[in-house]
Amino acid sequence: MEYVSTRGGSRAVDFEGALFSGYAPDGGLFMPRSIPSLDGATLQRWSRLSYPELVKELCSLFIAPELVPQSALNDLIDRAFSRFRHKDVVHMSRLKDGLNVLELWHGVTYAFKDLSLSCTGQFLQYFLEKKQKHITILVGTSGDTGSSAIESVRGQQNMDIFVLLPEGLCTQIQELQMTTVIEDNVHVFAAHGNSDQIDELIKELFADVDFSRKYNLMSLNSVNWSRIMVQIAHHFYAYFRCAPSLDTTPLPVVEIVVPTGGGGNITAGCIAQKMGLPIQLVAVVNSNDIIHRAVQHGDFSASEHVKATLASAMDIQEPCNVERILWLLSGCDSHLTKVLMEQFTASKSLKLPEALHRKLSETLRSSSASDEDIVRAMQRCWEENRCLLCPHTAVAAHYHYSQLDSCASSTPRCCLASASAAKFQDAMLRAGLVPQLPPEITALTAMETRSTALRRGEDWARVLRDRIAAAVQGWEARRGGSAPPGL
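Residue numbering for the sequence shown follows UniProt numbering, starting at 1 and increasing by one per position.
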């Protein structure tokens, strides 16, 4: 399996090359050169698998056995899921009026990103132990990515992780899950800006090819292919648990409703579709609705300002993974993708070509939810089911309730649940609900914290460059060697 850049200007790499990259050298994102197609017999067999077994099957399609033998791959995935609280790793809650909620948040940080990042951390360690190399991980977070990434690599001797969070724009619990991790290889920065500004900074550092190579920069944001690959399993598992039968021809369609910020999970769904899974995807967003406008009107243009909402992890106006979706739907047209994304980067405004917009609207449905919609969905789900939803999952539930109220469809539907409601106390209180806090979360407020401020007007890039260089020099001193060559 080879991986190519969506912009066509970089050489193809294997899984290891894609794993240890952030953006491709030409600014694009890595995607498989070809997407495997599954037949009905395979789908029938996979329908009987557990979630971890599905992840193993999917990963084996995208990771060559010469790189990671199947037995080693299975061990890595088992190790990745060993800290999850639920015996099945994920859990399907079947609620009133056909509201199926796939809880993806039973990992260490109570967020769905624990699933893909725990696996990615194991993959990294597998290759690094073989090569005795050091890497520098650079992560921007709008909420849950940072803590999940930290937990996946904390304490590792051959990795330093630098996490940038938007000061005051994450919940208190999300911040504490990052700033209370006191490890030599964990460096947390609180930026006085928003998530899109953080992403621009990270892109700038990756674009400096000499610096990136010297310090082996890589990303654990959803630009990293490994995260998308693992998340494909969410869609297969949701389908198999919600499809009424797999004994009919054609197979029944299941609607998968995906809370969408940076677009990693919805990209994974598009790939699952391409593999032959009969799902109808719905991208649901908050008031930062660029993906909704792209689907509905072909308008992929950033608003002037990012709006702060209750679903804070989705407060994104530049969803990086849309590039992967456009590449896939354009027939892997890297020239077109390059032209479109360079236009968007330059002007923050893009009108999709008519044929590409038509393909996008055939592949995805979309919906947006205001804070008031989110609150009402949280309240309704509690009143009808005694089930607490986080505000991001409530965006999906809002779509479900709107379809019920309009009697729009009888298609089975599954909403992907992004995080535990316990992480969003302010949203719970806004909805008049009482947060139920696990002891691990309650304990955070009494723990020591550590972070570095990135203030407005300060040269953030210079601060990061200096800190990265110091961290790598420290690793060299402990190891007694010289700077690691590029991976």
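Each residue gets a CB set at the ideal place from its N, CA and C atoms; glycine is no exception.
Exercise. Among residues of its own chain, excluding the 5 on either side of residue 485, which ones have a beta-carbon nearer than 7 Å to its beta-carbon?
Worked result: Here the model assigns residue 485 a pLDDT of 49, short of 50, so the residue's position is not dependable, and the following value carries that caveat. Excluding its 5 nearest sequence neighbours in each direction, residue 485 has no C-beta neighbour in its own chain below 7 Å.
Exercise. When the Cα atoms are used, what is the spatial distance from residue 5 to residue 431?
Worked result: Looking at the two C-alpha atoms, the distance is approximately 44 Å.
For this session: Would you mind working out which of 27, 34, 26 sits nearest residue 331, comparing C-alpha positions?
Result: Across the set 27, 34, 26, the C-alpha of 34 shows the shortest separation from the C-alpha of residue 331.
Exercise. With a Cβ-Cβ cutoff of 8 Å, do residue 418 and residue 387 count as a contact?
Worked result: Not closer than 8 Å, so no.
For this session: Return helix, strand or coil for residue 74, following the three-state DSSP convention.
Result: If DSSP states are grouped into helix, strand and coil, residue 74 belongs with the helices.
Problem set entry | Residues that residue 280 bridges to, as DSSP identifies them | DSSP, once it has assigned bridges, lists 255 as partnering residue 280.
Exercise. Alpha carbon to alpha carbon, what distance is there between residue 207 and residue 54?
Worked result: If I take the Cα positions, the gap works out to 35 Å.
Exercise. When the Cα atoms are used, what is the spatial distance from residue 363 to residue 282?
Worked result: Using only the alpha carbons, I get a separation of about 9 Å.
Exercise. Rounded C-beta distance between residue 254 and residue 239? I'm assuming under 8 Å.
Worked result: Their Cβ separation, rounded to whole angstroms, is 5 Å, which keeps residue 254 and residue 239 in contact under 8 Å.
Exercise. So, residue 302 versus residue 318, is the Cβ gap smaller than 8 Å?
Worked result: Cβ distance < 8 Å, so residue 302 and residue 318 count as in contact.
Exercise. Shortest alpha-carbon distance to residue 62 belongs to which of 227, 110, 426?
Worked result: Scanning 227, 110, 426 for the CA closest to the CA of residue 62 turns up 227.
For this session: Classify residue 272 as buried or exposed, calling it buried when 16 or more other Cβ atoms lie within 10 Å of its own Cβ.
Result: With 16 or more other Cβ atoms within 10 Å, it is buried.
For this session: On a CA-only basis, which of 371, 57, 295 is nearest residue 310? Give me that one, please.
Result: Measuring from the Cα of residue 310, the nearest candidate turns out to be 371.
Problem set entry | Heavy atom of the ligand ATP within 7 Å of residue 67 beta-carbon | The ligand ATP is not among the ligands present in this structure, which contains no ligands whatsoever.
Exercise. Any idea if residue 106 is buried or exposed, counting beta-carbon neighbours within 10 angstroms, 16 or more meaning buried?
Worked result: Residue environment for residue 106: buried (at least 16 other C-beta atoms within 10 angstroms of its C-beta).
Problem set entry | residue 38 versus residue 276: straight-line alpha-carbon distance, rounded | Their backbone Cα atoms lie some 6 Å apart in a straight line.
Problem set entry | Option nearest residue 219 by Cα separation, candidates 320, 192, 279 | Proximity to residue 219 across 320, 192, 279 peaks at 320, based on C-alpha coordinates.
Exercise. In the region 204 to 240, which residue ranges form an unbroken alpha helix (DSSP H) of at least 4 residues, counting only runs that do not cross its ends?
Worked result: Qualifying alpha helix (DSSP H) stretches, in chain order: 209 to 214.
Exercise. How long is the line joining the alpha carbons of residue 91 and residue 104, rounded to whole angstroms?
Worked result: Just so you know, the alpha carbons of residue 91 and residue 104 end up roughly 7 Å apart.
Exercise. To the nearest angstrom, how far is it from the Cα of residue 398 to the Cα of residue 383?
Worked result: Their backbone Cα atoms lie some 14 Å apart in a straight line.
Problem set entry | Residues bridged to residue 165 [DSSP beta-bridge criterion] | DSSP output for residue 165 lists 190 as bridge partner(s).
Problem set entry | Residue ranges of each beta strand (DSSP E) within the region 60 to 132, 3 or longer | Within the region 60 to 132, the complete beta strand (DSSP E) runs of at least 3 residues fall at 91 to 94, 100 to 103.
Exercise. Nearest CA to the CA of residue 264: which residue from 413, 250, 235?
Worked result: Nearest option by C-alpha distance: 235.
Exercise. Between residue 214 and residue 475, what straight-line distance do the alpha-carbon atoms span, to the nearest angstrom?
Worked result: Residue 475 has its alpha-carbon roughly 14 Å from the corresponding atom of residue 214.
Problem set entry | Which of helix, strand or coil DSSP assigns to residue 416 | The answer is strand: DSSP assigns residue 416 an E or B state.
For this session: Return helix, strand or coil for residue 365, following the three-state DSSP convention.
Result: Reduced to three states, the DSSP call for residue 365 is strand.
Exercise. Using 8 Å as the threshold, is the region 455 to 463 in touch with the region 188 to 197, meaning 3 or more CB pairs across them?
Worked result: With the cut-off at 8 Å, the region 455 to 463 and the region 188 to 197 touch.
Exercise. Within 10 angstroms of its Cβ, does residue 443 collect 16 or more other Cβ (buried), or is it exposed?
Worked result: Label assigned to residue 443: exposed.
Problem set entry | Check whether residue 284 and residue 252 have beta carbons under 8 Å apart | By the CB criterion at 8 Å, residue 284 and residue 252 fall outside the cutoff.
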